[in-house]
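In the working numbering, the protein residues as written are 251 to 575.
Note that the Cβ used here is the ideal one computed from N, Cα and C, for glycine as well.
For reference, the structure is listed below as structure tokens.
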Amino acid sequence: MPDPQAAPRPGAGAWREDVLGPDFQARTLPLPGGAEAVLVRHVPSTPGDTGSPAARTAVLYVHGFADYFFHPHLATAVAARGLAFYSVDLRGHGRAWDAHVSAGGDPNQVRDVAVYAQDLDAAAAAVRSAGHERLVVLGHSTGGLVAPLWASARPGRADALVLNSPWVQLNKPGPVRAAATALVEVLGVLAPRAIVNHLDDGYARALHRAQGGEWEFDPAWKPDEPFAVRAAWLRSVLRSQRRLARGLRLDVPVLVLTSDRSTADQHLTTDTVLDVAHMRERAPRLGGDVTVRTITGGAHDLALSPRPARDAYLTAVLDWIEALP
251 MPDPQAAPRP GAGAWREDVL GPDFQARTLP LPGGAEAVLV RHVPSTPGDT
301 GSPAARTAVL YVHGFADYFF HPHLATAVAA RGLAFYSVDL RGHGRAWDAH
351 VSAGGDPNQV RDVAVYAQDL DAAAAAVRSA GHERLVVLGH STGGLVAPLW
401 ASARPGRADA LVLNSPWVQL NKPGPVRAAA TALVEVLGVL APRAIVNHLD
451 DGYARALHRA QGGEWEFDPA WKPDEPFAVR AAWLRSVLRS QRRLARGLRL
501 DVPVLVLTSD RSTADQHLTT DTVLDVAHMR ERAPRLGGDV TVRTITGGAH
551 DLALSPRPAR DAYLTAVLDW IEALP
């Protein structure tokens, strides 16, 4: 568990230096029921407290499951195009871990992922209040499932969506998905905290610099060992995926990006977490203005791919944002 002394939580409304260093600041977002999320801003690209003009477009990053924002290179790339960069650690994740666990919650999980709409409401409102005219929400994996459902339920709060390897379907064969759905429908009600699976550790280990990867992150916040998946959380994810499969009819432009293939063990150059075919099949169901891009040699989190795939991903995202009307 993260050391609460290592990274003091910012007070509500107060920006403080973030764990990523002086180019980043963090602020707690109070949520209904006493919950908390944490908003992070990239200081060089945001108006801050100086009264400097706000960039017209802001990008808000939403991480995946058992994950958090630790991507300074993403913020730098966004800023280089004249865009403002923010990210949100959802309740129970990363910077918002301690408050959630102290209140009795399970790390990285809630009983119903629909509650994350409150986190995104608060983050979007805070970003808009800085003076940005346009908000692009960039969701990765589970964030790529939560963000379009939120945008569908809250029309007008986002102006465009970018989905990086969105989790639109359980990466299991059809019969296994059916059995898992039946199981968690029962356990999610009768034993919501029952452990029904574990998140595999191979992908996170392959990414971490200590294991030969390129990236530094806190393994307490992005686990590099098997992590328990609980029944109620998975039940709500599967229900959300079925809702997306029925079609969302989003009225904003959407960009969906995937790796070119999925494998079981090539963690750095393919998607070893999800099936890219599921993403491509379900992308058109998001709305009437959906663009799909394939990143050859991309990892599950395309922003953490090795070069040249990482550069191709960032270029595709930023060119698409710049081309928005």
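Selection Thr522, Arg443, Val412 evaluated against Pro357 yields Arg443 as nearest (Cα-Cα). In the three-state scheme derived from DSSP, where H, G and I count as helix and E and B as strand, Trp400 is classed as helix. Shown here, Trp465 sits in a strand according to DSSP, grouped into three states. Assignment of Gln368 by DSSP, reduced to helix, strand and coil, places it in the helix class.
Here Ala308 carries a strand assignment [DSSP, helix/strand/coil]. In the DSSP assignment, Tyr563 falls within the unbroken alpha helix (DSSP H) covering 559–572.
In the DSSP annotation of this structure, the continuous segment of the alpha helix (DSSP H) that includes Ser352 starts and ends at 347–352. DSSP places Glu531 within a helical segment (H, G or I) once states are collapsed to three.
Secondary structure at Tyr318: coil, using DSSP grouped into helix, strand and coil. Inclusion of Ala304 and Pro297 in the CB contact set at 9 Å is warranted, their separation being smaller than that value. Counting along the chain, the unbroken alpha helix (DSSP H) around Ala495 starts and ends at 481–495. Contact annotation: the segment 432–443 does not touch the segment 405–423, with fewer than three C-beta pairs closer than 8 Å. Note on Asp561: under 16 other CB atoms within 10 angstroms of its CB, so exposed under the neighbour-count rule.
Here the alpha carbon of Leu552 sits roughly 30 Å from the alpha carbon of Ala285. Residues of the same chain with a CB within less than 7 Å of the CB of Arg530, apart from the 5 flanking positions on each side, are Thr508, Val542 in chain order. If you draw a straight line from the Cα of Gly381 to the Cα of Arg306, it is about 8 Å long.
Taking the Cα positions, Ala481 is about 20 Å away from Leu494.
For Gly314, the closest C-alpha among the options Ser337, Gly393, Val506 is that of Gly393. In the DSSP assignment, Gly424 falls within the alpha helix (DSSP H) that extends over 424–440.
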